[in-house]
Amino acid sequence: MVEKASTPDLLGRLATSRLGRDAGAVYVVIASEAPGVVLVADGRSRGVARPKRKNVRHLEFGGTAPAALVERLAGGQPVTDEDIRAAISAAAPSAAAE
Numbered sequence: 001m002v003e004k005a006s007t008p009d010l011l012g013r014l015a016t017s018r019l020g021r022d023a024g025a026v027y028v029v030i031a032s033e034a035p036g037v038v039l040v041a042d043g044r045s046r047g048v049a050r051p052k053r054k055n056v057r058h059l060e061f062g063g064t065a066p067a068a069l070v071e072r073l074a075g076g077q078p079v080t081d082e083d084i085r086a087a088i089s090a091a092a093p094s095a096a097a098e
């Protein structure tokens, strides 16, 4: 079941793609673009410089990235692909291997 939340509340959340070519991929929500649409990055194929645009209905939300990363995202401070990869591997060790 998809968790309902407003788009700004999703910043820094870990999300697994449920639909599309990337089904099963784990991402971190790095920004909200429009109501119901977020930008996600995994630090590998989709880095911070080129995030993927996803409809929130196509994502399943899990845990939250480390507080320091969430604060940096909320404050508009730069975040690196390494930060995103570390957040994903810390929260979902099995998902990081994919």
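Numbering (the UniProt record's numbering), first residue to last: 1 to 98.
By construction, the Cβ of each residue, glycine as well, lies at the ideal position given by its N, Cα and C atoms.
It should be emphasised that the depicted structure is a prediction, and the values quoted were computed from it without experimental measurement.
By the CB criterion at 8 angstroms, L59 and G12 fall outside the cutoff. Distances from the alpha-carbon of V56 to those of I84, E33, A91 put E33 closest. Between the alpha carbons of S45 and R85 lies a gap of roughly 11 angstroms. Around the beta-carbon of L19, fewer than 16 other beta-carbon atoms lie within 10 Å, marking it exposed. With a cutoff of 8 angstroms on beta-carbon distance, A49 and Y27 are scored as not near each other.
Between A67 and A87, the C-beta gap is not smaller than 8 angstroms, which leaves the two residues out of contact.
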